[in-house]
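Below is one structure, written out as structure tokens; the observations come after it.
In our numbering, the protein residues as written are 14 to 131.
This is the structure in structure tokens:
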């Protein structure tokens with residue numbers, strides 16, 4: 014069992030930056046692929062980024078490439094999402110997820126709200 018708690022969201026002006034954190038409980042954090050997803054009001058949840066267990070491999074949605082960076086610190090059981098040059102369309106609830114496969118994330122956090130003003 015893994016519990017995930019996100020933090021770092023907030024209200025920011027367009028062009029600003031945020032770093033989201035996702036703290037995980039449990040001793041097997043380093044075994045999981047970690048992903049970030051977001052859901053904007055009235056829209057379906059969409060994939061943002063993922064990182065493999067070692068941090069050596071990352072993958073991003075086309076819409077965030079070049080602006081978002083996912084990373085992890087297995088010693089701290091934490092995965093991060095650095096978001097630069099924020100745009101109003103980035104406004105969403107951002108959630109992290111953990112799984113043994115990128116096709117199936119078994120554990121989800123509650124999410125953290127990111128609001129970008131123009």
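Glycine is no exception: its CB is placed at the ideal position from the N, C-alpha and C atoms.
- With respect to the 7 Å criterion, residue 37 and residue 15 are classified as neighbours on the basis of their beta carbons.
- In the structure shown, residue 119 adopts coil according to DSSP, grouped into three states.
- Checking the DSSP bridge columns, you'll see residue 49 partnered with 62, 109.
- DSSP places residue 75 outside both helix and strand once states are collapsed to three, so it counts as coil.
- Nearest to residue 95 by alpha-carbon distance, out of 54, 116, 18, 62, is 62.
- Of the other Cβ atoms in all chains shown, 16 or more fall within 10 Å of the Cβ of residue 124; this residue is therefore buried.
- For residue 38, the secondary structure class from DSSP, reduced to helix, strand or coil, is coil.
- Secondary structure note for residue 18: its beta strand (DSSP E) is the uninterrupted segment 17-20.
- Among the bridge pairs identified by DSSP, residue 85 is matched with 92.
- Judged by their CB atoms, residue 29 and residue 127 are not nearer to each other than the 7 Å cut-off.
- Per DSSP, residue 14 lies in no beta strand (DSSP E) segment and is marked neither H nor E.
- Taking residue 42 as the centre and dropping the five residues before and after it, the same chain places the C-beta of 15, 87, 90, 111 closer than 8 Å to its C-beta, in chain order.
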